[in-house]
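Protein chains: 2
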Amino acid sequence: MKDPRVVSELSTPAAVIDLTALDSNLTTMAQVLPGDRLRPHVKATKCTALARRQVAVGHRHFTCATPREILGMVRAGVGESYLLANETLDDERLRALAAVQHEALIMIAIDSTETLDAADRAGIGNVVIDVNVGLPRCGIPVDDAGRLADDARARGLTVHGVMGYEGHLMMVGDATEKQRKVDESMALLRQAARDVGGTIISAGGTGTFNMHAHTGVTDVQAGSYSLMDTQYAALGLPFAQAMFVLGTVISRTKDWAVIDAGLKSLGMDHGNPHIEGATIWFVSDEHITFSMKSSELPRVGDKVRVTPAHIDPTMAMHEVAWAINDDTIVDRWGIDLRGW
Amino acid sequence: MKDPRVVSELSTPAAVIDLTALDSNLTTMAQVLPGDRLRPHVKATKCTALARRQVAVGHRHFTCATPREILGMVRAGVGESYLLANETLDDERLRALAAVQHEALIMIAIDSTETLDAADRAGIGNVVIDVNVGLPRCGIPVDDAGRLADDARARGLTVHGVMGYEGHLMMVGDATEKQRKVDESMALLRQAARDVGGTIISAGGTGTFNMHAHTGVTDVQAGSYSLMDTQYAALGLPFAQAMFVLGTVISRTKDWAVIDAGLKSLGMDHGNPHIEGATIWFVSDEHITFSMKSSELPRVGDKVRVTPAHIDPTMAMHEVAWAINDDTIVDRWGIDLRGW
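Residue numbers (this note's numbering), protein chains in the order written: chain X, 13 to 352; chain A, 13 to 352.
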């Protein structure tokens, strides 16, 4: 098997990353949130090669959603610290994280006595208190955060601060209303931070990345900004689409064409993906059927770029991403942080 | 890392397969479509260990959606022949299939001169003509099928017959209307079969498995029946849910609980998954937030079974499935046919 040199040589479906768009996104974000003001979330990309580029523009501390993401980042030596922004009760995985604590600072989110117990049992030394700031998911109530921090310190763990994800606000359309709601949400987080102590007040995401100048938040946990998807694109953010799933037309009539990229290579929870100029008819396991103006309908063998509706699960479905400049393949990046 | 012995010891999210339900499904199907009347579709399960159980109840010939599924089946020595029920223009993958043709009969679906050219170029010896029977996806028009078969034979390829997937009829609710439409669709396939020749007339799926007694179809390409999902369950088929994604409650309030299984471990194109007795609030990358009667809301650390809405992409998201009897873990099955 010889390495593909141009996009037209790729076996499909293939994840491709446009380096020009990616680097533009990284630069734009680093201007708004330079250095330690951004704690890039690797769950969106699951790729140490991409994370290295985030280090290259100045970010040192990363957010992760799974223990395996942290272990992979530590193993690759990318970044200086890792925040598991998620709760886990898994003794084995916590012990695996504890075993590499001498290599990098690893902080685990806790939001209950049970998750503190699990961290303590595994020998985890550093935690952050996860606070509910309005999203009905994880996070301790604001007025109980100080108590959990005290309990953790009483057991000898270092409490580095608080985090709180305002995920329920990412898609609010009106900027003024959104800022007002983010402010309310972060007032709760600051209140918890006063009780908890420590130096970290971590929050936010791609949808609120530019709303934390005055919220007291020390760093923003954005991830999707680097590659983007159609849902975030609808917000009019200053980030370009950098990741596509490439398909090959395998069948065609005068009315429709079919490519060999389907719902096993595209995150579908935000609905159908997008093909420029096309109407998507439906997406099957290994196919997308679509139509377009008949003069533009691609022919059997042509390559077609598909823009995912949700980047995070899309990346998690691929083993490899191909880094490209225009149609030239520059590198092969392992999507090496998949799984749990 | 010691092997888990019971379900409560599993790291989550985890794919679990209830062997009692699976074996019941395999037996039920083998009674309706014994032996070569079923050509099990491995795309639904992507697991050679499960395919071995289909061989054990009498099926010898398999359907695949990707070259890698065929290569994995050949390598594992499961089954006697493989039908790639999908078109491909990928020279490299076709050559890889051609290279193992001496180990097992491998047949490739073609529906155009371009896909015939690709098969011929790679040295593929055996093809089936894929016929459009009403689903706007792949498949040659009925009245052109004989011409393509003649072209293939003129180049020295063996044409084994026809296939046509009536995928647009799987979810028709009324049984009488469904049978009528299946009959119409299969009349088209028989017409093509007369022009094409060969011995195979392959069609169908889990949603129409019991509608081919008099259609002239030689074998049915069902796959999802073995594990099932909520969408197929809505049809009232005689198959039980055999696959679940196991999650652990990682956070809980009096109003909701959160498990560590989310949309990266569940196919979401058919909508939210199901948790018995629960109302699903929303599914995030690594979480499901749900409520239920407060006396039944599970506690932090409890395991919860989630039923996927679509089995095929769900299986493709996991590296491993745990075969269980009640709460006892019997085996660890690699989901070893993933990718393309």
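Positions of the beta carbon are idealized from the N, C-alpha and C atoms, including for glycine.
Owing to the predicted nature of the structure, the values given are computational and were not obtained by experimental measurement.
- At a cut-off of 9 Å between beta-carbon atoms, residue 132/X makes no contact with chain A.
- Look at residue 279/X: its C-beta is under 9 Å from a C-beta on chain A.
- One finds 262, 263, 270 and 299 in chain A with Cβ atoms closer than 8 Å to the Cβ of residue 150/X, taken in chain order.
- Residue state for residue 17/X is assigned as coil, using DSSP reduced to three classes.
- Straight-line measurement puts the Cα of residue 319/A at about 27 Å from the Cα of residue 177/X.
- When the five nearest sequence neighbours on each side are left out, the beta carbons in the same chain lying within less than 8 Å of the beta carbon of residue 51/A are those of 71, 73, 74, 75, 95, 214, 231, 232 and 233, in order along the chain.
- Unbroken beta strand (DSSP E) runs of no fewer than 3 residues, entirely contained in the stretch 202 to 276 of chain A, are found at 212 to 215, 255 to 264 and 269 to 271, following chain order.
- Out of 312/X, 246/X, 58/X and 47/X, the CA that lies nearest to the CA of residue 265/X is found in 312/X.
- The residue from 204/X, 284/X, 277/X and 338/X with its alpha-carbon nearest to that of residue 140/X is 204/X.
- If you look at residue 324/X, you'll find it in the alpha helix (DSSP H) that goes 323 to 328.
- Apart from sequence neighbours up to five positions away, the residues of its chain that approach residue 314/X with a beta-carbon distance below 6 Å are 261, ordered along the chain.
- For residue 293/A, the C-beta contacts it makes with chain X under 7 Å involve 148, in order along the chain.
- Rounded to whole angstroms, the gap between the alpha carbons of residue 282/A and residue 211/X is 43 Å.
- For residue 337/A, no CB of chain X lies under 9 Å from its own CB, so it is not counted at the interface with that chain.
- DSSP links residue 345/A through a beta bridge to 333/A.
- With a 10 Å radius around the Cβ and a threshold of 16 neighbouring Cβ atoms, residue 326/A comes out buried.
- Under the DSSP assignment, residue 138/A falls in the beta strand (DSSP E) whose first and last residues are 138 to 142.
- Counting only the Cα atoms, residue 194/X lies some 21 Å from residue 98/X.
- The Cβ-Cβ distance between residue 138/A and residue 172/A falls below 9 Å.
- Shown here, residue 36/X sits in a helix according to DSSP, grouped into three states.
- A direct Cα-to-Cα measurement between residue 20/X and residue 317/X gives close to 11 Å.
- According to the DSSP assignment, residue 86/X belongs to the alpha helix (DSSP H) that extends over 79 to 88.
- Of the residues assessed, residue 186/X falls on the exposed side of the cut-off, its CB having fewer than 16 other CB atoms within 10 angstroms.
- Counting other Cβ atoms within 10 Å of its Cβ, residue 276/X reaches 16 or more and is therefore classed as buried.
- Around residue 325/A, the beta-carbon contacts reaching into chain X at under 8 Å are 275, 276, 280 and 297.
- A straight line joining the alpha-carbon of residue 226/A with that of residue 49/A spans about 12 Å.
- Against residue 310/A, chain X offers no close residue; the least beta-carbon distance is about 12 Å (beta-carbon pairs closer than 9 Å).
- Taking residue 62/A as the centre and dropping the five residues before and after it, the same chain places the C-beta of 238 and 345 closer than 7 Å to its C-beta, in chain order.
- Within the stretch 81 to 113 of chain X, the residues whose Cβ lies closer than 8 Å to some Cβ of chain A are 98, 99, 100, 101, 102, 104 and 105, listed in chain order.
- The alpha-carbon of residue 174/X is positioned some 40 Å away from that of residue 274/X.
- With respect to residue 28/A, residue 257/A sits close: the two C-beta atoms are nearer than 9 Å.
- Ranked by Cα distance from residue 112/A, the options 56/A, 129/A, 254/A and 92/A are led by 92/A.
- Any Cβ of chain X closer than 9 Å to the Cβ of residue 71/A would place that residue at the interface, and such an atom is absent.
- Boundaries of the beta strand (DSSP E) harbouring residue 317/A: 315 to 318, taken from the DSSP string.
- Residue pairing for residue 175/X: DSSP places it in a beta bridge opposite 142/X and 214/X.
- For residue 27/X, the enclosing beta strand (DSSP E) begins and ends at 26 to 30.
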